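Contents: one structure, followed by commentary.
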Amino acid sequence: MQSQHRFGDESPHRLSIIPSISSMTTNQQQVGALLKAVIAKGVETKDAVPTIKSLIEAKIFNLSDLTEENVPSSLDPFISNKLLPKKRGNGRLKGASPTKRFKSSAGIISQPPVTAKPETIVINRSPVLTLWATIVAKNLYTELDLSEALTLGSAAAAQIAKSKGTSLGIYEKDETQQHLDASSAATGETYDVLGMTIHAVKTDSGIRATANGEIQNPNKTWNHLNKRFQDSLGFIMERMDEAAKAADGQEELRASAYRYYMHIRPNIPDGTKGWGAHGRLETNKLSNFFDAKPTPAA
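So the sequence shown is numbered by my numbering: it starts at 53 and just counts up by one.
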């Protein structure tokens, strides 16, 4: 088991990281307070430095100023979820049934209009994965509406990111969280998206997937995608949907969907250097689903 540092521990490593960050912008006391607040939210020491660098670069010097609208794009989604304030009725799987605890935000989610084709989009992989997983879910489970599919896409992307982060040593395996997710499946639905088994529950607003102990909020996911893709979202969705429909049936889509994602995902550095990094999404690859398939044996 890894030893956990307390903020009050005056280890040389712990003290040495503050001057390197404080030189970026503000005074050491302010940076130290931000570091303490980040760690108090459960962010591990190894993630704390890049986290507060991202916050400071975004001119966020106090966690109370952090909102869903101003979360830095370089900040890992799992960490931002830890830092953002938890609202009552946010769907956390504790005590009361998920259906009673979840309240959907108002508004109907529908696909935005298609705009002119952008040649490339500079973006990190997370929203690309979330959007593609949503499109796949909508094509595999045609009875779902876009809001329901968004929760499956968000959950699939969260599982894949968690698995990748664990393999890179960014996250520790959380067996307690696995038990929470498993308990939500006992009375709910199960879906297969991008090779991930997604657990979901029925709410008054429809099917809502769960991930990391939380019911996924489609409006939050939709706002995040709009923020990342901006005016290109409608175009990207249309091209991804064309790719999904080019598959020869649902079984082929199910089998090839993750290969397609690997084919179109932005290029970033390998390993931890690429975690949260931005790369170029080449839009001319999006509709060509069959490029993602393995070549048949001769």
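Glycine is no exception: its CB is placed at the ideal position from the N, C-alpha and C atoms.
Quick caveat: nothing in here was measured; it's all calculated off a predicted structure.
Comparing alpha-carbon positions, the option among Val123, Asn191 and Gly94 lying closest to Asp300 turns out to be Asn191. Thr262 is classed as buried because its beta carbon has at least 16 other beta carbons within 10 Å across all chains shown. One thing to note: Pro164 has its Cβ no nearer than 8 Å to the Cβ of Thr335.
DSSP places Ala299 in no beta strand (DSSP E); its state is neither H nor E. Here His330 is bridged, per DSSP, to Asn176. Going by DSSP, Ile250 is part of the beta strand (DSSP E) stretching over Met248 to Thr255.
In the structure shown, Gly258 falls within a strand segment according to DSSP collapsed to helix, strand and coil. Fully enclosed alpha helix (DSSP H) runs of no fewer than 4 residues occupy 97-109 of the stretch 91-132, in order along the chain.
Residue environment for Asp99: buried (at least 16 other C-beta atoms within 10 angstroms of its C-beta). Counted as a single uninterrupted DSSP element, the beta strand (DSSP E) harbouring Thr242 occupies residues Glu241 to Val245.
In this structure, Ser178 is the residue among Ala89, Ser178 and Leu246 with its C-alpha nearest to the C-alpha of Ile320. Fewer than three beta-carbon pairs drawn from the stretch 263-283 and the stretch 101-117 are found closer than 8 Å, and the two stretches are therefore not classed as touching. Beta-bridge partners assigned by DSSP to Ile161: none are found.
Between the alpha carbons of Leu338 and Arg291 lies a distance of about 6 Å.
Rounded to the nearest whole angstrom, the C-alpha separation of Asp283 and Asp322 is 29 Å.
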